[in-house]
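Numbering (UniProt numbering), first residue to last: 1 to 717.
Inspection log for the structure reproduced underneath, given as structure tokens.
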């Protein structure tokens with residue numbers, strides 16, 4: 001989905017400017033389905049490029065300004081940065097730099113229905129490109145390693161205990177090789193069995209001590225890591241909850257869930273890898289000196305082979321990074337598919353599409369398998385090389401230590417001690433290299449999480465928000481125009497001018513797709529209008545705090561959600577201790593008494609995913625009860641009664657008439673019974689207001705409204 005923004009970033013870097021990828025995503029008008037060539041062109045021009053989209057044949061590519069952006073496989077974008085007689089060189093955001101033959105290149109670039117032309121975007125920097133100031137970091141500050149370390153500040157005393165354990169453990173391990181040498185050189189050579197018994201007791205005591213220190217260290221680490229993990233995840237959830245609705249419109253559920261899973265790698269790196277590496281680093285220094293003390297030549301051999309071992313491991317870091325991005329992409333798709341399979345099982349069964357949906361899932365598993373094969377191959381290459389270096393090191397050191405014993409430069413006990421020390425120094429090296437790999441993984445995860453932290457909060461802290469509604473609570477829409485995110489989209493609403501008077505009921509009607517629900521979403525501030533303003537009395541809606549505004553609105557949307565909780569908590573959402581009087585009133589107005597009386601535990605019966613399944617009508621009445629419970633100043637209903645039978649609808653409408661007195665109501669509906677009593681009826685057609693008035697006057701006009709409701713009125717033609 002980020003390929004368009006990534007391509008612009010690569011071309012910008014080629015011309016000497018490093019542009020922030022998060023800013024480019026916004027400029028590209030990224031949506032859940034990605035970005036189109038128009039969005040890329042507009043984004044590139046905003047940062048100072050001159051762009052031109054063209055269709056060309058492969059022969060004319062030599063005349064094209066390179067680098068350029070190619071439309072690839074009809075669903076992707078890549079950068080073409082070099083062409084010669086034999087090969088085409090592309091930079092693919094998904095897989096890195098690639099060298100392709102002409103046939104491979106044309107198979108991917110040419111669309112099936114355009115056999116002789118491919119689509120590309122040429123970019124040429126203008127003077128403005130170099131004059132432009134760098135886009136600053138978004139208000140939602142990114143996570144840095146320094147900030148992450150602050151999570152550990154409150155555990156300073158525990159870290160002191162860990163360091164003490166580290167010191168004690170190192171001392172205990174340091175004694176072991178000297179004890180081993182004394183067994184051979186003194187105990188065996190002098191045939192002193194009592195001395196060997198004494199050393200054996202000392203080694204058992206050391207083992208018990210080391211085990212005890214390790215147990216305590218593990219418990220302390222568990223305590224710290226669990227709490228830090230919860231803290232990081234909680235802060236991530238807090239940040240997610242602060243983001244505007246448009247963020248969730250452009251991300252799949254699998255994408256967000258995979259990013260949340262990434263924080264575990266960061267926590268694991270900070271607690272397990274970092275502290276373990278500190279322990280290993282101390283061991284490396286201490287035992288390195290001890291090895292040099294025993295035999296300088298062996299120490300130098302160890303140092304050289306260790307450098308080779310380290311270089312071999314680091315050689316694979318770039319490939320590991322590339323594989324990790326592929327893993328994230330496939331895992332995100334897999335997560336999304338599983339959520340879809342479980343959530344849409346009803347539709348799948350109704351349409352007999354079990355096999356087709358299973359095949360989609362199996363395709364993702366095949367991609368996952370191929371990725372695991374590549375990952376395993378890389379791991380095996382890395383492991384084979386490292387094992388070869390380690391074995392060579394062991395053979396050389398064994399030979400050198402044996403020769404030193406024969407030459408009389410080293411005792412037999414010294415040789416045994418050296419073997420032990422080499423083992424003790426090799427382990428820290430492996431830990432440190434593992435730490436480097438963990439750091440790389442954690443850094444990649446941090447980059448992905450920062451895509452969330454880099455987003456600006458829905459309600460930034462620095463701005464002064466109104467925390468009370470103005471005295472006049474009428475809603476004014478002035479010259480409002482809006483289009484959904486995505487380049488090339490037509491406006492959904494055009495030049496809307498509406499007044500929703502305080503204390504009155506306004507109904508909005510129109511054909512499907514005319515913009516009714518969009519007006520409600522703009523009122524609820526899910527989106528910002530492209531042009532025009534919304535005022536609440538004398539204040540712009542953008543000046544009022546989001547929480548303040550939404551607490552004043554009782555809302556029933558078409559896709560309202562029922563939580564896996566009790567009936568009572570589904571009505572009193574957000575209240576830890578529901579007000580029983582308001583719950584009872586909400587139940588009465590929504591005509592839920594009979595439904596609740598049928599439940600085994602009354603209002604404390606669990607419903608939703610974790611409990612009793614409910615019908616669409618019951619679900620809609622629960623949503624109405626939830627809106628009523630808030631006792632709001634504004635009531636906003638989007639087809640709130642379309643799933644109700646005639647009896648329930650009549651009872652609820654009668655109950656709502658009393659409840660709506662002195663409240664501002666905005667109701668989107670098709671049914672005449674729902675809108676006929678409104679103080680004003682607004683008729684929308686293709687995003688424009690075409691009629692307004694009360695039911696009687698609009699009916700007599702025999703216009704758009706009349707055509708919408710004539711079948712319900714049984715007026716014929």
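Where a beta carbon is used, it is the ideal one built from N, C-alpha and C, also for glycine.
It should be emphasised that the depicted structure is a prediction, and the values quoted were computed from it without experimental measurement.
- Across the structure, residue 589 and residue 625 are spaced so that their CA atoms are roughly 7 Å apart.
- Segment contact: the stretch 236-252 against the stretch 441-453, three or more CB-CB distances shorter than 8 Å; contact assigned.
- The beta carbon of residue 179 lies closer than 8 Å to those of 199, 202, 203 and 206 in the same chain, with the five residues before and after it left out.
- Counting along the chain, no alpha helix (DSSP H) covers residue 477; the unbroken beta strand (DSSP E) around it starts and ends at 475-482.
- When the Cα atoms are used, residue 161 and residue 400 turn out to be separated by approximately 41 Å.
- Residue 109: member of the alpha helix (DSSP H) spanning 102-109, first to last residue.
- Taken through DSSP and simplified to helix, strand or coil, residue 250 comes out as coil.
- Burial is judged here by how many other beta carbons sit within 10 angstroms of a residue's own beta carbon; residue 145 has fewer than 16 and is exposed.
- Of the other Cβ atoms in all chains shown, 16 or more fall within 10 Å of the Cβ of residue 518; this residue is therefore buried.
- Look at residue 245 here: in three-state DSSP terms it is helix.
- About 6 Å separates the Cβ atoms of residue 509 and residue 675, confirming a contact at the 8 Å cut-off.
- Every alpha helix (DSSP H) stretch that sits fully inside the stretch 620-688 and reaches 4 residues is listed by chain position as 646-659 and 672-675.
- The C-alpha of residue 2 lies about 36 Å from the C-alpha of residue 553.
- Bounds of the alpha helix (DSSP H) holding residue 325 are 317-343.
- Contact between the stretch 593-606 and the stretch 522-539 is not established, with fewer than three Cβ pairs separated by less than 8 Å.
- Contact between residue 627 and residue 573 does not hold, since their C-beta atoms are separated by about 10 Å, which reaches or exceeds 8 Å.
- DSSP, reduced to helix, strand and coil, places residue 74 outside both helices and strands of the structure shown, so it counts as coil.
- Nearest Cα to residue 317 within the set 443, 617 and 210: 443.
- Looking only at 11, 104, 500 and 411, the smallest Cα-Cα distance to residue 667 is reached by 500.
- A residue is called buried once 16 or more other Cβ atoms fall within 10 Å of its Cβ, and residue 460, having fewer, is exposed.
- Judged by their CB atoms, residue 51 and residue 45 are nearer to each other than the 7 Å cut-off.
- In the structure shown, residue 293 falls within a helical segment according to DSSP collapsed to helix, strand and coil.
- For residue 55, there is no enclosing alpha helix (DSSP H); the residue is found in the beta strand (DSSP E) stretching over 49-56.
- For residue 497, the uninterrupted beta strand (DSSP E) segment begins and ends at 493-500.
- Taking the Cβ atoms as the reference, residue 83 lies roughly 6 Å from residue 61, within the contact range of under 8 Å.
- In the same chain as residue 614, and ignoring 5 residues on each side of it, the C-beta atoms closer than 6 Å to its own belong to 607, in chain order.
- If the five residues before and after residue 689 are omitted, its C-beta is found closer than 8 Å to the C-beta atoms of 496, 497, 498, 682 and 683, all from its own chain and listed in chain order.
- Restricting attention to 109, 87, 110 and 92, the CA atom closest to the CA of residue 101 is found in 87.
- Within the stretch 173-261, the runs of alpha helix (DSSP H) at least 4 residues long that lie entirely inside it are, in chain order, 193-242 and 245-249.
- Look at residue 691 here: in three-state DSSP terms it is strand.
- For residue 691, the number of other beta carbons within 10 angstroms of its own is at least 16, and it is reported as buried.
- Taking residue 14 as the centre and dropping the five residues before and after it, the same chain places the C-beta of 67 and 81 closer than 8 Å to its C-beta, in chain order.
- In this structure residue 149 is exposed. Its beta-carbon is surrounded by fewer than 16 other beta-carbon atoms within 10 angstroms.
- Residue nearest to residue 476 within the set 505, 540 and 435 is 540 (criterion: CA-CA distance).
- At a Cβ-Cβ threshold of 7 Å, residue 28 and residue 5 count as neighbours.
- The alpha-carbon separation between residue 96 and residue 10 amounts to approximately 11 Å.
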